[in-house]
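These notes are about the structure you will find just below.
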Amino acid sequence: MEEELRAQGLRATPQRVVVMEALRALSHPDAEAVLAFAQTRHTSMSVATVYNVLEKLRRAGLVAAVDVRGRRCFDIRTESHDHVRCRQCGRLNDMDRHPATRIVAPDQESWVIDNQSVLWEGLCPTCQREVQHG
Ligand SMILES: [Zn+2]
Numbered sequence: 000m001e002e003e004l005r006a007q008g009l010r011a012t013p014q015r016v017v018v019m020e021a022l023r024a025l026s027h028p029d030a031e032a033v034l035a036f037a038q039t040r041h042t043s044m045s046v047a048t049v050y051n052v053l054e055k056l057r058r059a060g061l062v063a064a065v066d067v068r069g070r071r072c073f074d075i076r077t078e079s080h081d082h083v084r085c086r087q088c089g090r091l092n093d094m095d096r097h098p099a100t101r102i103v104a105p106d107q108e109s110w111v112i113d114n115q116s117v118l119w120e121g122l123c124p125t126c127q128r129e130v131q132h133g
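Take the sequence shown: its letters are residues 0 to 133, numbered as in numbering that gives the first Met the number 0.
Okay, here's the thing in structure tokens:
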């Protein structure tokens with residue numbers, strides 16, 4: 000964690016380290032979830048600090064932002080990949096598409112595409128069980 004930060008020219012402050020740990024431990028947390036995680040590690044931070052740290056890490060290329068339905072979540076995986084979202088509980092997981100499944104945009108003439116991410120939606124295993132058992 001510390002080495003990754005230093006490799007990007009960032010000092011490994013306790014706040015930055017705990018935010019990186021949160022992103023490792025949780026699947027696509029938003030800033031509030033990162034804050035809650037930091038509190039369990041007894042690292043005191045304000046919400047504003049959490050946002051600042053996440054933004055700094057994002058600009059350094061250590062984390063990616065995933066904007067889903069008005070909510071900004073953060074991802075430790077920074078290369079282009081898809082996500083699947085449970086329409087019932089809102090949980091977000093990674094979805095690895097077969098490399099051959101390339102989606103071609105109808106008009107690429109005026110665009111420079113540098114990222115491609117598809118949001119899949121459905122019911123996660125937990126919510127499927129709830130639906131089945133009422
Ligand atoms: Zn992801």
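Using N, Cα and C, we set each Cβ at its ideal position, and we do this for glycine too.
Hey, quick one: how far does the beta strand (DSSP E) through C123 stretch, first residue to last?
From DSSP, C123 is part of no beta strand (DSSP E); its letter is neither H nor E.
Using 8 Å for Cβ pairs, my map puts L118 next to H82. What's the rounded Cβ distance?
Indeed, because the Cβ distance is near 6 Å, the residues count as touching under 8 Å.
L34 to R96 span [Cα, whole Å]:
Using only the alpha carbons, I get a separation of about 31 Å.
Assuming R86 and G121 make a contact with CB atoms under 8 Å, what is their CB distance in whole Å?
Indeed they touch by this definition, with Cβ atoms about 7 Å apart.
Where E108 and Q115 are concerned, what is the direct C-alpha to C-alpha distance, given to the nearest angstrom?
If you take the alpha carbons of E108 and Q115, they lie about 16 Å apart.
Let's test the definition: count the other Cβ atoms within 10 Å of the Cβ of P175 and tell me whether it reaches 16, buried, or not, exposed.
No statement about residue 175 is possible, as the shown extent of the chain runs from 0 to 133 and does not include it.
Near C126, which residues of its chain fall below 7 Å by C-beta distance, leaving aside the five closest residues on each side in sequence?
Result list for C126: C85, Q87 and C88, in chain order.
Start and end residues, alpha helix (DSSP H) containing V18:
Counting along the chain, the unbroken alpha helix (DSSP H) around V18 starts and ends at P13 to A24.
Would the beta-carbon of D66 be found less than 7 Å away from any heavy atom of ligand 1?
Not under cutoff, so the answer is no.
Taking DSSP as the reference, what is the three-state secondary structure of A30?
Helix.
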